[in-house]
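Letter by letter, the sequence shown follows residues 46 to 245 of this note's numbering. Even glycine gets a Cβ: it sits at the ideal position worked out from N, Cα and C. Encoded as structure tokens, the structure appears first; notes follow it.
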Amino acid sequence: MKIFGYFIIFLPFLLNQQNVHAQNIFAKILNENSQFVGIQFNPYINSLDRLWQTSYYPGKSKIKVYAIRYGIEVPKNLFLAVDLSFYNSKNKANSEYYFEFKPGILGRYIFFSKKNVSIITELGGYYRFISFDFPGINNYPPDVIKGLKKPKPGWYTSAGMGINLYKKKVTLDLMVKYSPDIWFEGYHFAPTYKLNYHFK
Numbered sequence: 046m047k048i049f050g051y052f053i054i055f056l057p058f059l060l061n062q063q064n065v066h067a068q069n070i071f072a073k074i075l076n077e078n079s080q081f082v083g084i085q086f087n088p089y090i091n092s093l094d095r096l097w098q099t100s101y102y103p104g105k106s107k108i109k110v111y112a113i114r115y116g117i118e119v120p121k122n123l124f125l126a127v128d129l130s131f132y133n134s135k136n137k138a139n140s141e142y143y144f145e146f147k148p149g150i151l152g153r154y155i156f157f158s159k160k161n162v163s164i165i166t167e168l169g170g171y172y173r174f175i176s177f178d179f180p181g182i183n184n185y186p187p188d189v190i191k192g193l194k195k196p197k198p199g200w201y202t203s204a205g206m207g208i209n210l211y212k213k214k215v216t217l218d219l220m221v222k223y224s225p226d227i228w229f230e231g232y233h234f235a236p237t238y239k240l241n242y243h244f245k
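Structure below.
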């Protein structure tokens, strides 16, 4: 019983030491590893609808994709990141709208990182939350609409180039994404760009 009593007495101290140790490791990673913040804003060009025949959003819809992400280098040239992506489509002619929010995580690897033009590959997963409205939506059974709006997981992969704009601090990603989910930004394939700021 005495041993158990000593254990109870020293347990808070041991837990505190573990917490301090974990905080020190985390602080060391943040201080020594490269990090980045990226932003994206893609106004879609309507003529792309004729090139990407898999689009669900043809016509005169105003389509925008915007996103923000934060990543940290784990081993050399490999980054882990969190990504918040938004997709918005509106057609004022018939009061249609579609909105989705996709929080997710991704892995990002950079080839030739010392060069002014690098090669980038990414693999990411996300969870999709959507909202939409269109003429005649009330004619559909509620269960059908509920099923369409049900949050769903998904994944994507992308590849492209990174361009150094300023002293390796500011870079521009020019990439093409692919997802098996046709609802992913309206296409199986989607061009994208992101502006990144790198720091330690």
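Taking a 10 Å sphere around the C-beta of Tyr171, we find 16 or more other C-beta atoms and assign the residue as buried.
Counting only residues of its own chain and dropping the five nearest sequence neighbours on each side, Met220 has a CB closer than 6 Å to the CB of Ser203, Gly205 and Thr237. In the DSSP assignment, Val127 falls within the beta strand (DSSP E) that extends over Leu123 to Asn136. DSSP places Gly181 in the coil class of the three-state scheme, outside both helix and strand.
Looking at Asn209, Phe179, Tyr154 and His243, the one whose alpha-carbon comes closest to that of Lys137 is Phe179. Just so you know, the alpha carbons of Asp226 and Phe234 end up roughly 10 Å apart. The segment 157–215 contains, as complete alpha helix (DSSP H) runs of 4+ residues, the segments 187–194 (chain order). Cβ neighbours of Glu141 within its own chain (closer than 6 Å, five residues either side excluded): Phe179.
Collapsing the DSSP output to three states places Pro236 in a strand.
Sequence-distant partners of Phe146 (beyond 5 residues in either direction) whose C-beta falls short of 7 Å from its own C-beta, in its chain, are Phe131 and Phe174. Only residues of its own chain outside the window of five on either side were considered, and among them Gly116, Phe124, Ala126, Ile165 and Glu167 have a CB closer than 7 Å to the CB of Arg153, listed in chain order. The alpha carbon of Tyr201 has as its nearest neighbour, out of Gly207, Pro120, Lys214 and Tyr223, the alpha carbon of Tyr223. Between Ser79 and Glu118, the CB-CB gap stays under 8 Å. With a cutoff of 8 Å on beta-carbon distance, Asp218 and Lys239 are scored as near each other.
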